[in-house]
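Since the structure comes first, as C-alpha cells, the remarks are kept for the end.
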Amino acid sequence: IAGITQAPTSQILAAGRRMTLRCTQDMRHNAMYWYRQDLGLGLRLIHYSNTAGTTGKGEVPDGYSVSRANTDDFPLTLASAVPSQTSVYFCASKMASGSLTDTQYFGPGTRLTVL
Amino acid sequence: AQSVTQLGSHVSVSEGALVLLRCNYSSSVPPYLFWYVQYPNQGLQLLLKYTSAATLVKGINGFEAEFKKSETSFHLTKPSAHMSDAAEYFCAVTLPSGGYQKVTFGIGTKLQVIP
Chain A
1 IAGITQAPTS QILAAGRRMT LRCTQDMRHN AMYWYRQDLG LGLRLIHYSN TAGTTGKGEV
61 PDGYSVSRAN TDDFPLTLAS AVPSQTSVYF CASKMASGSL TDTQYFGPGT RLTVL
Chain B
1001 AQSVTQLGSH VSVSEGALVL LRCNYSSSVP PYLFWYVQYP NQGLQLLLKY TSAATLVKGI
1061 NGFEAEFKKS ETSFHLTKPS AHMSDAAEYF CAVTLPSGGY QKVTFGIGTK LQVIP
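Here's what the structure looks like:
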C-alpha cells in the first residue's frame, strides 16, 4: 500500500542521547516535511525538503537536523535530546513543493519521550 | 501573516446531530484552506480543501465546508454525526513563505460523539 512509513512507532530516550527518526515514502513525492505535534499548539514545522538534495528550516528547527539523500527517505535527527523535545513527530509529503493546493500526506507518527 | 483560529478545542454532539466545527482565518492574500482529520494514534488525513474553484467544498465521509470571504471563515459541517466521526479535526491555511509553502495549522478541535 502506497504511503508514508515512520519508525520507530514510539521511543523513550534519555536526555543527551542522539536519536534518528526515520521516514520513507513510496509515492515519489518531491516535497517532504517534519512536524511536531504538541497539545494546545497544533502542528509546527521543523524542517522541510522541496526535492532530493535540498533541505530548509521550518518554524522550530533548533536541536534538529535532516538530510534528503534520495526522493524516498527523510530522516530527522536529534543530536542531543532534551525533555522539551518530547512530542509526537509526523512526517509528511506532497507531490509538488511549489503547489499551494497539493494535499499533504502524513505518516502515522512517532511518539518520543525524552527523560 | 497568516493564521487560523479554531473555536472550541472540544466539541460534543449526539449521534445523529449536526456537526459544526468552526475555523476562521486571517490572510493578506486569498488563502487556500484545508480540513484534516486525525483518528487516535494515526496521522492526519485530508477531509477536504478549498482551492478557489467553488466556495462550497464537499469532502469525504459526508463532511463539507463553505468558504465565506466576508466572514473569513471556513467552517466544517456534517448533517448527522456518526460514532466513527469521533476524532480530532484540524483547519489549515497555506501560503508561500520563503522557500516553502507554509502550512499553518489550527490547534485542533476534538469531536466527541455521544451515543
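Here the protein sequences come in this chain order: A and B. Note that my numbering has the first sequence beginning at 1, numbered continuously upward. Note that my numbering has the second sequence beginning at 1001, numbered continuously upward. In this text, a Cβ means the ideal position worked out from N, Cα and C, and glycines have one as well.
Based on Cα-Cα distance, which residue from V66/A, A31/A, T110/A, R18/A lies nearest to S80/A?
R18/A
Note down, in chain order, every chain B residue with its Cβ under 7 Å from the Cβ of G16/A.
What G16/A touches in chain B: nothing, since even the nearest Cβ is about 28 Å away.
Can you list, in chain order, the residues of its chain with a C-beta nearer than 6 Å to that of S1073/B? Leave out the 5 residues immediately preceding and following it.
N1024
Nearest to A31/A by CA position, among V1103/B, I1107/B, K1110/B, V1113/B, is which residue?
V1103/B
Per DSSP, the bridge partner or partners of F1105/B
A1092/B
Are the CB atoms of F1105/B and G42/A nearer to each other than 8 Å?
yes
To the nearest angstrom, how far is it from the Cα of H1010/B to the Cα of A1017/B?
Using only the alpha carbons, I get a separation of about 16 Å.
Under 8 Å between beta-carbons, which chain A residues line up against L1007/B? List them in chain order, please.
Going along chain A, no residue has its Cβ under 8 Å from L1007/B, so there is no contact; the nearest lies around 14 Å.
Under 8 Å between C-beta atoms of V132/A and L13/A
Outside the modelled stretch of chain A, which goes from 1 to 115, sits residue 132/A, for which no answer is possible.
Within 8 Å (strictly less), CB to CB, does F106/A reach chain B?
Interface residue, yes.
Can the beta-carbon of T1077/B be found less than 8 Å from the beta-carbon of L1007/B?
no
With distance defined between alpha-carbon atoms, name the residue in N50/A, L112/A, Y35/A, A7/A nearest to P83/A.
L112/A
So, for V1057/B: in the same chain, excluding its five sequence neighbours on each side, which residues have a beta-carbon less than 8 Å away from its beta-carbon?
L1048, K1049, Y1050, E1064, A1065, E1066, F1067
By Cβ distance below 6 Å, which residues in the same chain neighbour H29/A in space, the five residues on each side in sequence not counted?
S93, K94, M95
Starting from I4/A and walking both ways along the beta strand (DSSP E), at which residues does that stretch end?
4-7
Starting from the beta carbon of K1049/B, find every residue of chain A whose beta carbon is closer than 9 Å, and list them in chain order.
T101, T103
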